[in-house]
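This report concerns only the one structure given below.
2 protein chains.
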Amino acid sequence: MRASDTAYAALRDDILQWRFPPGTAFAEVEQANRLSISRTPIREAFARLTAEGLLVALPGRGLVVSELSRSTIVELFELRIVIESEAARLVALRRDRDVFEQLRAEFADAAALLDNGDDLGEYYALVARLDAAMDEATNSRFLLGAIRQLRPHLVRARRLARDNHARLVAAAGEHLTIVEAIVDGDDQLAADATAVHLRKSLKNILDSVDGATTTTAMNNS
Amino acid sequence: MRASDTAYAALRDDILQWRFPPGTAFAEVEQANRLSISRTPIREAFARLTAEGLLVALPGRGLVVSELSRSTIVELFELRIVIESEAARLVALRRDRDVFEQLRAEFADAAALLDNGDDLGEYYALVARLDAAMDEATNSRFLLGAIRQLRPHLVRARRLARDNHARLVAAAGEHLTIVEAIVDGDDQLAADATAVHLRKSLKNILDSVDGATTTTAMNNS
DNA sequence: GACCGCAATTCTGTATACAGAATGAGGGGA
DNA sequence: TCCCCTCATTCTGTATACAGAATTGCGGTC
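Note that the protein sequences, when read in sequence, are chains V and Z. In terms of the working numbering, the first sequence is numbered consecutively and its last residue is 221. In terms of the working numbering, the second sequence is numbered consecutively and its last residue is 221.
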């Protein structure tokens, strides 16, 4: 693997896992020393992270980890809701029925995974498989590209949410509705059910954010 | 200005103006010599163009200018229609009324600009001002980012379209409907009128593409 | 005549040196 | 005591050298 890929992956993970909270300043030499590579691949990694919006260039102040304020999260979902709803609509029209039939069966049993003690790994893996199947079936490069662009920010946002058991059960039900609509080829239902799911997810995140009296992570600018 | 910015702007313009048609291979040394700078800023420019999707990395074959096939144009509009409709909806709710009142008056007189001989510069400038005002009023960073991501590809696609006078007059009317809806704060009309306008624009481009028996530019993969 | 292998050329990826710009601290003057 | 100017430090931007990988072309062999 190239050194620039390694640096990109390491820095990206550091940001997504909140090891570098918003506002952290990045300097080339510092990170080059830390990762034991030269400045050249670091520069490339910085460029990719800046293009993704995880880093922002403060004029005269270098690169800092971007903020993730309440309003940013709202704007994130303003875009996410419209494009993922449209993606779901297209998937309902274009999907391989067998693939989603299988996923439907798995989501029908998802409640068991959620009662599986504290190990939600299997459930999250199932959601990831659904996402991957939808990416595959969307078959629209720009739509997919826009979704991919949002994902790193969503990963950060999700860490602000408190997922309680009730919310997870509800979310699993929402997913099941979406998958059923896709299996049935009901594109309008797939789109609307996706919008419902995402609006509820947003509400859950915002409730967590607003409930938090003070965290270093939040910056309600 | 930085050398990497110069290189990026030059290469981007070369691609958008079809001086480098799809499939053209890019090598670092070659472009560094052509633009009389070293490979370092060229690498940064390549990275930005690749992130935008104007260049694609063919494994083992270097970077080439991305294709713009019929299906790519369709996929481009699949995304464009949903996000620009949503943007128009938000603008109708968030706009500064005076700004769009002014634009409404200008679009009401747009027919005169279109009869202004072959100089359509003023009309295109008016459309550009509308785009800028909408970008400003959208006030949603991710939505705006997604639109910006599409623009370079739209510039390329537009060069494939044959804009006849009738189409331009119709488009001006569609724009007027959109601006009126925004002035009135009618978000649903603004969204639907935008979708209508973009679907007609797509149809116009596809008619031009399909009408072209053979051009070196097209690659119907 | 065709296919396989080797060698040379070329390209990318990385490291590093150097120059110019900007920032921050420290000292001097008002 | 506060403000401004200057100098030093540090950072980014660029050039370039070097190494490893890959491709292409040529030659030999089957």
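The beta-carbon is built from N, C-alpha and C at its ideal position, and this holds for glycine as well.
Cβ of residue i within 8 angstroms of any chain V Cβ
i	result
residue 83/Z	yes
residue 141/Z	yes
residue 51/Z	yes
residue 92/Z	no
residue 75/Z	yes
residue 28/Z	no
residue 47/Z	yes
residue 3/Z	no
residue 136/Z	no
residue 86/Z	yes
Host beta strand (DSSP E) of residue i (start-end)
i	result
residue 62/V	62-65
residue 224/V	Limits of chain V in this structure are 1 at one end and 221 at the other, which puts residue 224/V out of reach.
Contact with chain Z by residue i, beta-carbon distance below 8 angstroms
i	result
residue 67/V	no
residue 220/V	Only weak support is given to the placement of residue 220/V: the predicted model assigns it a pLDDT of 43, under 50, and the value that follows is read from those uncertain coordinates. Taking Cβ atoms only, chain Z never reaches closer than 8 angstroms to residue 220/V, which makes this a no.
residue 180/V	no
residue 191/V	no
residue 79/V	yes
residue 9/V	no
residue 150/V	yes
residue 57/V	no
residue 146/V	yes
residue 44/V	yes
residue 101/V	no
Closest Cα partner of residue i within the set the options
i	options	result
residue 190/V	138/V, 168/V, 39/V and 52/V	138/V
residue 93/Z	102/Z, 202/Z and 185/Z	185/Z
residue 89/Z	206/Z, 143/Z and 45/Z	143/Z
residue 77/V	149/V, 65/V, 130/V and 134/V	149/V
residue 68/V	134/V, 133/V and 24/V	24/V
residue 56/Z	66/Z, 45/Z and 47/Z	66/Z
residue 46/Z	136/Z, 131/Z and 15/Z	15/Z
residue 192/V	164/V, 158/V, 135/V and 83/V	83/V
residue 158/V	124/V, 136/V, 187/V and 145/V	124/V
residue 134/V	91/V, 187/V, 162/V and 188/V	91/V
residue 119/V	165/V, 98/V and 156/V	165/V
residue 169/V	30/V, 41/V and 112/V	112/V
residue 212/Z	13/Z, 70/Z and 130/Z	70/Z
Residue i versus residue j: straight-line alpha-carbon distance, rounded
i	j	result
residue 222/Z	residue 194/Z	Shown here, chain Z extends from 1 to 221; a query on residue 222/Z therefore has no answer.
residue 222/V	residue 114/V	Since the first residue of chain V shown is 1 and the last is 221, residue 222/V is not available in this structure.
residue 81/Z	residue 182/Z	17 angstroms
residue 210/Z	residue 199/Z	16 angstroms
residue 223/V	residue 6/V	Residue 223/V lies beyond the residue range present for chain V, which begins at 1 and ends at 221; the question has no answer from this structure.
residue 96/Z	residue 206/V	28 angstroms
residue 44/Z	residue 4/Z	6 angstroms
residue 28/Z	residue 53/Z	18 angstroms
residue 163/V	residue 146/V	26 angstroms
residue 26/Z	residue 2/V	20 angstroms
residue 39/V	residue 60/V	19 angstroms
residue 219/Z	residue 19/Z	Reliability of the predicted coordinates at residue 219/Z is poor, the pLDDT of 48 falling under 50, and the value obtained from them is presented with this limitation in mind. Rounded to whole angstroms, residue 219/Z to residue 19/Z spans 17 angstroms at the Cα level.
residue 22/Z	residue 41/Z	23 angstroms
residue 72/V	residue 79/V	11 angstroms
Segment limits, alpha helix (DSSP H) that includes residue i
i	result
residue 89/V	70-94
residue 137/Z	121-138
residue 145/V	141-158
residue 12/Z	3-16
residue 100/V	97-108
residue 207/V	187-211
residue 173/V	165-184
residue 21/Z	It is not in any alpha helix (DSSP H) - residue 21/Z carries neither H nor E in the DSSP assignment.
residue 43/Z	39-52
residue 34/V	28-35
Distance CB(residue i)-CB(residue j) smaller than 8 angstroms
i	j	result
residue 254/Z	residue 126/Z	The shown model of chain Z, from 1 to 221, leaves out residue 254/Z, and the question about it has no answer.
residue 153/Z	residue 174/Z	no
residue 100/Z	residue 176/Z	no
residue 201/Z	residue 160/Z	no
residue 51/V	residue 51/Z	yes
residue 86/V	residue 141/Z	no
residue 63/V	residue 179/V	no
residue 8/V	residue 49/V	yes
residue 116/V	residue 167/V	no
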